[in-house]
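One structure is given below, encoded as structure tokens.
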Amino acid sequence: MRQRIAQRLKDAQNTCAMLTTFNEVDMSNVMEMRNKYKDPFQKKFGLKLGFMSAFVKATAFALQDQPVVNAVIDEQEIVYRDYIDISVAVATPKARAGTLAIEDMDGGTFTISNGGVFGSMFGTPIINPPQSAILGMHAIFDRPVAVGGKVEIRPMMYIALTYDHRLIDGREAVLFLRKIKSAVEDPRVLLLDLYWPRRGSVCSREGRGSLASSFSMAG
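Residue numbers (this note's numbering): -2 to 216.
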């Protein structure tokens, strides 16, 4: 399995014109919301309220706004998908037990990788083929930032988008990250679906393919 994963990633390096662009996200508001509601959320749903769900939904907004990031090159054609299927790269029980099958890694139109859970401050993720881009989340650190002409200490996260430059231009990559940044920094727009441009179906997948949860959002 490790050999198969390595081959897929090496194929991506050999085939794609990979480029990475970065931005940073002020996590103050989403952290405040999490701290306020994490206990009642866990009591009701039996799950811990983390930050991944906010990034999955913000990514869905951004993929709708920049559909080329959700597209794929199929031989000599560009295929624009009419659906969004977000894979989340995590250390699943199957992966730890060595029972993860190739089928568990198939599917998905876009991947989110969170190196922040291991303390990563900065990194450039590798595209999961045949997808055209991948978002990298990183650890949250308190840093001085300029806010309204003053220097304040804020919890900040660097985010990275690695993309296939054969298909996606720098402008589209930058706008994609800016959409995620603005949505996460104001989580009210996530709750109210204010960034949702049209009706769509979103599927969130764990472990690069093994289904974790799915939900539909319409606006």
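Yeah, the Cβ is synthetic: ideal placement off N, Cα and C, and Gly gets one too.
Given the structure is predicted, the values throughout are model-derived calculations rather than measurements.
Among residues of its own chain, excluding the 5 on either side of residue i, which ones have a beta-carbon nearer than 7 Å to its beta-carbon?
i: residue 51; result: 27, 181, 184 and 187
i: residue 205; result: Unreliable placement is indicated for residue 205, whose pLDDT of 33 sits below 50; the coordinate value is still reported in the next sentence. The answer, listed in chain order, is 84, 86, 102, 105, 108 and 125.
i: residue 174; result: 18, 20, 156 and 158
i: residue 111; result: 49 and 134
i: residue 60; result: 66, 67, 81 and 107
Using DSSP with H/G/I as helix, E/B as strand and the rest coil, what is residue i?
i: residue 140; result: strand
i: residue 19; result: strand
i: residue 25; result: helix
i: residue 84; result: strand
i: residue 64; result: helix
i: residue 11; result: helix
i: residue 6; result: helix
i: residue 79; result: coil
i: residue 126; result: coil
Below 8 Å CB to CB, which residues in the same chain sit around residue i once its five sequence neighbours on both sides are set aside?
i: residue 31; result: 46, 47 and 48
i: residue 167; result: 16 and 18
i: residue 113; result: 134, 135, 136, 137 and 154
i: residue 144; result: 151
From which residue to which residue does the beta strand (DSSP E) around residue i run?
i: residue 70; result: 69 to 71
i: residue 108; result: 107 to 111
i: residue 151; result: 147 to 161
i: residue 76; result: 74 to 76
To which residues of the same chain is residue i closer than 6 Å at the C-beta, ignoring the five residues directly before and after it?
i: residue 148; result: 141
i: residue 151; result: 23, 25 and 142
i: residue 21; result: 153 and 155
Given this structure, state the Cα-to-Cα distance separating residue i from residue j, to the nearest angstrom.
i: residue 169; j: residue 69; result: 15 Å
i: residue 44; j: residue 34; result: 12 Å
i: residue 75; j: residue 137; result: 36 Å
i: residue 10; j: residue 3; result: 11 Å
i: residue 131; j: residue 71; result: 18 Å
i: residue 127; j: residue 178; result: 25 Å
i: residue 13; j: residue 40; result: 45 Å
i: residue 29; j: residue 64; result: 31 Å
i: residue 5; j: residue 122; result: 13 Å
i: residue 160; j: residue 117; result: 20 Å
Along the chain, where does the alpha helix (DSSP H) that runs through residue i open and close?
i: residue 167; result: 167 to 182
i: residue 134; result: Careful: residue 134 lies outside any alpha helix (DSSP H), inside the beta strand (DSSP E) at 130 to 134.
i: residue 189; result: 185 to 189
Closer than 7 Å to a non-hydrogen atom of the ligand COA - does that hold for the CB of residue i?
i: residue 20; result: By its list of ligands, the structure shown contains no ligand whatsoever, and the ligand COA lies outside what it can speak to.
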